[in-house]
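The structure appears below as structure tokens.
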Amino acid sequence: MPALLELQGITKVYRMGDVDVPALKGVSLTVEKGDFVAIMGASGSGKSTLMNIIGCLDRPSAGRYLLDGRDVSNLSRAELARTRNTLLGFVFQSFNLLARTSATENVELPLVYAGVASAERRTRAEEALTKVGLGTRLDHHPAQLSGGQQQRVAIARALVNRPQLLLADEPTGALDSATSLEVMALLQGLGDQGITVVMVTHEPDIAAYAQRVLVMKDGLVTSDTRQRPKRAGAEAA
Amino acid sequence: MSPLQIIRVAVRALLRNTLRSFLTALGIIIGVAAVIAMVAIGEGAKREVEETFAAMGTNLLIVMSGSNTSGGARGGFGSQPTLTFDDLKAMQQEVSSVSLAAPVLRLNAQLQSEDQNWMTTVQGTTPDYLQIRRWKASSGAVLTPSDNDSRAKVVLLGQTAAEKLFGGGDPLGQLVRIKGVPFQVIGVLEKKGQSPNGQDYDDVALVPLSTFRERLQPSLGNFIPGVIFVSVRSSGETGKAQRQLTDLLRDRHRLGARAEDDFSIRNLQETANAQQQGADTLSALLASIAAVSLLVGGIGIMNIMLVSVTERTREIGIRMAIGATPLQIMAQFLAESLALALVGGLVGVALGTGIAQLLSDKMGWTVVMRADIALVATLFSGLVGVGFGLYPAQKAARMDPITALRFE
Numbered sequence: 140m141p142a143l144l145e146l147q148g149i150t151k152v153y154r155m156g157d158v159d160v161p162a163l164k165g166v167s168l169t170v171e172k173g174d175f176v177a178i179m180g181a182s183g184s185g186k187s188t189l190m191n192i193i194g195c196l197d198r199p200s201a202g203r204y205l206l207d208g209r210d211v212s213n214l215s216r217a218e219l220a221r222t223r224n225t226l227l228g229f230v231f232q233s234f235n236l237l238a239r240t241s242a243t244e245n246v247e248l249p250l251v252y253a254g255v256a257s258a259e260r261r262t263r264a265e266e267a268l269t270k271v272g273l274g275t276r277l278d279h280h281p282a283q284l285s286g287g288q289q290q291r292v293a294i295a296r297a298l299v300n301r302p303q304l305l306l307a308d309e310p311t312g313a314l315d316s317a318t319s320l321e322v323m324a325l326l327q328g329l330g331d332q333g334i335t336v337v338m339v340t341h342e343p344d345i346a347a348y349a350q351r352v353l354v355m356k357d358g359l360v361t362s363d364t365r366q367r368p369k370r371a372g373a374e375a376a
Numbered sequence: 003m004s005p006l007q008i009i010r011v012a013v014r015a016l017l018r019n020t021l022r023s024f025l026t027a028l029g030i031i032i033g034v035a036a037v038i039a040m041v042a043i044g045e046g047a048k049r050e051v052e053e054t055f056a057a058m059g060t061n062l063l064i065v066m067s068g069s070n071t072s073g074g075a076r077g078g079f080g081s082q083p084t085l086t087f088d089d090l091k092a093m094q095q096e097v098s099s100v101s102l103a104a105p106v107l108r109l110n111a112q113l114q115s116e117d118q119n120w121m122t123t124v125q126g127t128t129p130d131y132l133q134i135r136r137w138k139a140s141s142g143a144v145l146t147p148s149d150n151d152s153r154a155k156v157v158l159l160g161q162t163a164a165e166k167l168f169g170g171g172d173p174l175g176q177l178v179r180i181k182g183v184p185f186q187v188i189g190v191l192e193k194k195g196q197s198p199n200g201q202d203y204d205d206v207a208l209v210p211l212s213t214f215r216e217r218l219q220p221s222l223g224n225f226i227p228g229v230i231f232v233s234v235r236s237s238g239e240t241g242k243a244q245r246q247l248t249d250l251l252r253d254r255h256r257l258g259a260r261a262e263d264d265f266s267i268r269n270l271q272e273t274a275n276a277q278q279q280g281a282d283t284l285s286a287l288l289a290s291i292a293a294v295s296l297l298v299g300g301i302g303i304m305n306i307m308l309v310s311v312t313e314r315t316r317e318i319g320i321r322m323a324i325g326a327t328p329l330q331i332m333a334q335f336l337a338e339s340l341a342l343a344l345v346g347g348l349v350g351v352a353l354g355t356g357i358a359q360l361l362s363d364k365m366g367w368t369v370v371m372r373a374d375i376a377l378v379a380t381l382f383s384g385l386v387g388v389g390f391g392l393y394p395a396q397k398a399a400r401m402d403p404i405t406a407l408r409f410e
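Line by line, the protein sequences are chains A and B. To convert, count from 1 in the first sequence and add 139; that's my numbering. To convert, count from 1 in the second sequence and add 2; that's my numbering.
See below:
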């Protein structure tokens with residue numbers, strides 16, 4: 140399988156006043172297309188920083204980051220935005236949907252910035268929502284949806300522009316175990332469609348659904364194991 | 003992202019907080035309404051001045067006799083008759099820039115019709131006077147040279163005098179007694195309105211100059227105690243005519259180089275220009291005060307947009323994570339402030355027009371609506387929206403998506 144992500148000696152240093160605080164101390168990592176990777180670690184281990192760099196929300200202080208064969212370590216803010224729009228999808232712990240905006244319109248948002256015409260936007264947004272099982276709640280606002288449903292809207296939004304990579308930051312952190320399972324089943328299904336998933340979590344139960352688990356400590360990857368993932372689909376069904 | 007899409011998103015964001023959007027736009031609404039109403043009033047004042055001077059006659063010089071000095075007390079202009087009918091003839095014939103000159107002799111007298119009487123100003127003058135003042139009869143005839151030659155006992159009444167003497171009745175052909183002498187009414191003059199200092203032009207009775215001198219004020223001899231109205235060939239020549247007349251009269255009156263003029267010449271064009279300038283200044287002053295309030299409206303927009311950007315930090319973070327470029331974020335917030343200002347501007351134009359109309363209808367003020375000012379005010383309010391929206395929009399566009407996403 141070709142590599143989708145290739146990180147070479149990535150470091151990130153934050154300046155806090157006069158002190159340089161290293162968050163990443165040289166991470167090298169390759170992730171193949173279709174893989175499902177969980178990144179674990181205590182808070183302050185650098186997992187969020189790594190996630191931000193992989194997600195093109197932040198630039199590394201040093202090192203090279205190839206995304207889908209292209210060096211993205213030194214792109215401008217606008218180019219990073221376009222990269223996020225076309226190659227990446229985000230799922231957050233707190234869903235981050237726009238309030239007072241219908242599910243369909245939330246899902247349409249990435250397509251708006253991609254310049255997709257209105258009619259096609261609507262069709263694709265409705266398709267994406269149907270795929271995550273919300274075909275009957277297209278016009279509901281986030282406040283009218285349960286947590287699990289909101290996270291599924293967020294997943295639909297992350298997938299609507301057909302990204303290569305889905306980044307999930309504690310996607311089940313705000314959900315109960317039953318709905319967590321539904322979300323994990325959705326994420327596991329993505330590998331079959333060739334979409335790579337990178338997920339940050341601190342819960343071993345959740346990491347168990349991934350195919351590969353990275354553990355971080357003090358800005359370095361300290362363990363990298365492949366495992367036979369627990370299947371969420373069967374239990375959810 | 004198409005412009006239409008940007009506007010749609012902006013309008014939705016504004017409608018989400020209708021009251022706040024309205025209050026923010028109110029600053030612009032009031033500013034633009036003030037500009038529109040003030041300019042309408044200023045322009046109205048200008049037009050009133052113009053009309054007043056147009057009523058007096060254009061390209062007009064007024065020549066008056068000088069002052070007398072007796073026992074150290076100096077009288078005003080006209081207190082000592084120095085102008086003669088020979089002077090008048092010279093003015094008419096020797097000054098190239100003068101097209102017409104007409105003397106006006108005045109006398110206050112009690113006029114008597116069959117059943118009314120009325121104190122008014124009787125003026126003895128020539129047919130040229132009516133031409134200089136561009137004054138026509140609304141009914142009947144005007145004075146003719148032959149009336150003057152034959153010393154006809156005929157009178158032309160101003161609107162006010164005619165009304166006071168004859169009420170609603172037809173004055174034509176009726177007799178009016180002036181100092182006991184019967185005059186026949188040959189015509190009524192059309193309405194002229196008021197002079198700049200509020201004197202009623204229409205409270206007047208005109209008789210032929212020759213009749214006036216023979217019947218009403220026989221003691222004058224060759225002197226003209228009243229004024230001479232002079233019409234200049236073109237408005238650009240009033241200054242020249244004034245100089246030429248001064249030279250002529252000083253020469254004729256044999257005044258030495260050091261002697262003061264024993265006459266005075268008033269240049270109404272200059273007075274008109276001065277008044278016009280006064281009205282222009284008023285207009286500019288009103289408009290600039292109004293423009294300041296528009297600026298204050300702009301500051302209001304900036305203030306609210308800054309609050310809005312801070313409040314929506316998380317939304318900005320989400321949009322950025324999803325792929326909005328800094329430029330797209332900036333366009334969105336600029337569109338919001340522009341929409342606020344433009345809608346405010348349009349409502350302001352409507353409101354200002356309404357206020358001006360109300361002042362005109364209820365208070366009788368002269369107002370002049372100018373479409374170009376409405377257009378400029380609307381465009382300017384749009385400019386204010388963009389200008390004051392720029393900083394908040396930049397602030398939004400420069401946000402770091404990670405920090406913005408974490409914002410609670």
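For every residue, glycine included, the Cβ atom is placed at its ideal position computed from N, Cα and C.
- DSSP places residue 347(A) outside both helix and strand once states are collapsed to three, so it counts as coil.
- Under the Cβ criterion of 7 angstroms, residue 325(B) is counted among the residues facing chain A.
- Residue 122(B) sits in a strand when the DSSP states are folded into three classes.
- The continuous alpha helix (DSSP H) containing residue 250(B) extends over residues 240-254.
- Residue 403(B) has a beta carbon lying within less than 7 angstroms of a beta carbon in chain A.
- Within the same chain, Cβ atoms closer than 7 angstroms to the Cβ of residue 337(B) are found at 8, 9 and 12, the five residues on either side in sequence being excluded.
- With a threshold of 7 angstroms between beta carbons, residue 204(A) makes no contact with chain B.
- Taking a 10 Å sphere around the C-beta of residue 105(B), we find 16 or more other C-beta atoms and assign the residue as buried.
- The C-beta distance from residue 346(A) to residue 177(A) rounds to 4 angstroms, short enough to meet the 8 angstroms contact threshold.
- Here residue 225(A) is actually not in contact with residue 211(A); their C-beta atoms are around 12 angstroms apart, not less than 8 angstroms.
- Restricting attention to 261(B), 306(B) and 51(B), the CA atom closest to the CA of residue 21(B) is found in 306(B).
- Interface residue (Cβ-Cβ distance to chain B less than 7 angstroms): residue 252(A) is classified as such.
- Taking one beta carbon from each stretch, the segment 386-406 of chain B and the segment 326-340 of chain B have 3 or more pairs nearer than 8 angstroms; the two touch.
- DSSP lists 123(B) as the bridge partner or partners of residue 110(B).
- In this model, residue 308(B) and residue 332(B) are separated by some 13 angstroms (Cα to Cα).
- Note: residue 159(A) is bridge-paired with 154(A) in the DSSP secondary-structure output.
- In this chain, the beta strand (DSSP E) harbouring residue 180(A) covers 175-180.
- The beta carbon of residue 406(B) lies closer than 6 angstroms to those of 315, 318 and 319 in the same chain, with the five residues before and after it left out.
- Per the DSSP secondary-structure output, residue 241(A) pairs with nothing in a beta bridge.
- Boundaries of the alpha helix (DSSP H) harbouring residue 376(B): 373-399, taken from the DSSP string.
- According to DSSP, residue 86(B) shares a beta bridge with 225(B).
- For residue 366(A), same chain residues with a beta-carbon under 8 angstroms away, outside a window of 5 residues either side, are 347, 349, 350, 351 and 352 in chain order.
- Between residue 197(B) and residue 58(B), the beta carbon gap of about 7 angstroms places them in contact (Cβ cut-off 8 angstroms).
- Beyond the five residues adjoining it in sequence on each side, residue 167(A) comes within less than 7 angstroms, by CB distance, of 146, 147 and 148 in the same chain, given in chain order.
- Among the bridge pairs identified by DSSP, residue 325(B) is matched with none.
- In this structure, DSSP gives residue 331(B) a helical state, which the three-state scheme calls helix.
- If the five residues before and after residue 46(B) are omitted, its C-beta is found closer than 7 angstroms to the C-beta atoms of 367, 368, 369 and 370, all from its own chain and listed in chain order.
- For the segment 305-330 of chain B, the set of positions with a beta-carbon nearer than 9 angstroms to some beta-carbon of chain A reads 316, 317, 319, 320, 321, 322, 323, 324, 325, 326, 327, 328, 329 and 330 in chain order.
- In terms of CA proximity to residue 155(B), 124(B) leads the group 124(B), 89(B) and 264(B).
- About 6 angstroms separates the beta carbon of residue 290(A) from that of residue 310(A), a gap short enough to meet the 8 angstroms contact definition.
- In chain order, 239 make up the part of chain A whose C-beta sits under 8 angstroms from the C-beta of residue 18(B).
- With fewer than 16 other CB atoms across the displayed protein chains lying within 10 angstroms of its CB, residue 153(A) is exposed.
- Per DSSP, reduced to three states, the secondary structure at residue 196(B) is strand.
- Taking 7 angstroms as the CB threshold, residue 301(A) stays off the interface with chain B.
- At least one beta carbon of chain B lies nearer than 7 angstroms to the beta carbon of residue 197(A).
- For secondary structure counted as the beta strand (DSSP E) over 3 or more consecutive residues, the segment 199-282 of chain A holds these complete runs in sequence order: 201-206 and 227-231.
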